[in-house]
Structures are given as C-alpha cells and as structure tokens.
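Residue numbers (the numbering used here): 6 to 150. Even glycine gets a Cβ: it sits at the ideal position worked out from N, Cα and C. Please read these numbers as outputs of a predicted model, since none were measured by experiment. Everything on this sheet refers to the single structure shown next.
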C-alpha cells in the first residue's frame with residue numbers, strides 16, 4: 006500500500022488545532038482467507054486534531070472494491086464510503102490514565118502513518134458472505150427433460 010502520512014509537526018504545537026488531510030491509493034490488495042480482494046481508486050480524507058493528550062484522527066475512505074458473490078460466484082464491484090476514527094499518542098509521552106488498558110495507536114517523530122488504520126477499516130467493512138444483488142438466487146441448475 007502506498008503510505009498515507011499525516012505531518013503533525015505544526016499541529017502538535019497548538020492544543021485544539023485541526024488540520025485537514027487528503028491522500029490517495031490507486032490500487033490496493035488484501036489477502037483474506039486465501040482470497041485476493043482488490044480495492045481501486047481509494048481516497049482517504051479527514052481531519053487531525055491536537056487534543057492536548059494526543060492526535061485525534063477521523064475521516065473516511067472512498068473508492069471501489071471488487072468482490073466475488075458467495076451465491077453465484079460472479080465478480081461484482083461495490084462503491085466504498087468507510088468512516089474511521091482513532092487517537093494516536095506520541096511514543097514516550099504520557100498516556101491518559103483511563104486509556105492505559107485500551108489498545109492504543111502510537112506514532113514517533115512528526116508523522117502519523119495511516120496505513121494500518123486504513124487496512125483495518127477496509128477489512129472490517131467487508132461482508133462475510135458478499136452477495137452481488139439482493140435478488141441473486143445463486144447458481145441454479147437447469148434440468149432438461
């Protein structure tokens with residue numbers, strides 16, 4: 006995946022400051038249970054905010070994904086509009102007490118790499134049994150008499 010990086014160097018200096026971001030990933034593939042899932046023309050846009058304790062990142066991923074129908078086995082495409090939100094904490098800085106038992110996202114330096122968040126959001130949006138259309142009856146056998 007082409008990395009989507011947010012530069013937070015200036016953002017870190019002012020509490021409550023927000024900055025927008027926009028990135029794109031032309032083609033991206035995931036291997037899930039031995040099946041290659043292809044995403045095309047992904048756009049990642051959103052806003053990063055300095056909360057004083059960390060950087061809160063929220064946004065959405067738009068694009069297209071190619072899937073195989075679990076009933077009829079035909080290829081079909083679905084347009085994506087996947088929201089995401091995550092708090093990032095700088096390595097070496099204090100973490101809020103109420104967050105110590107939570108799974109946390111960290112960054113170092115002046116940049117946050119969104120690749121892991123994007124991958125997770127895309128995996129979570131995929132249906133367990135994709136169906137090309139609600140009327141799909143699957144593979145129907147024709148009996149000749």
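- Runs of the beta strand (DSSP E) lying entirely within the stretch 62-150 and spanning at least 3 residues, in chain order: 80-95, 110-112, 116-118.
- Look at residue 45 here: in three-state DSSP terms it is strand.
- Taking each of 45, 49, 36, 97 in turn and checking the Cα distance to residue 9, the smallest one comes out for 49.
- Close CB contacts of residue 46 within its chain, under the 7 Å cut and outside five residues either way in sequence, are with 31, 68, 69 (chain order).
- Burial check for residue 13: the Cβ neighbour count within 10 Å reaches 16 or more, so the residue is buried.
- Per DSSP, the unbroken beta strand (DSSP E) holding residue 24 starts and ends at 23-37.
- Counting every other CB atom within 10 Å of its CB across the protein chains shown gives residue 19 a total below 16, marking it as exposed.
- Cβ contact annotation for residue 82 (same chain, cutoff 6 Å, sequence separation greater than five): 69, 71, in chain order.
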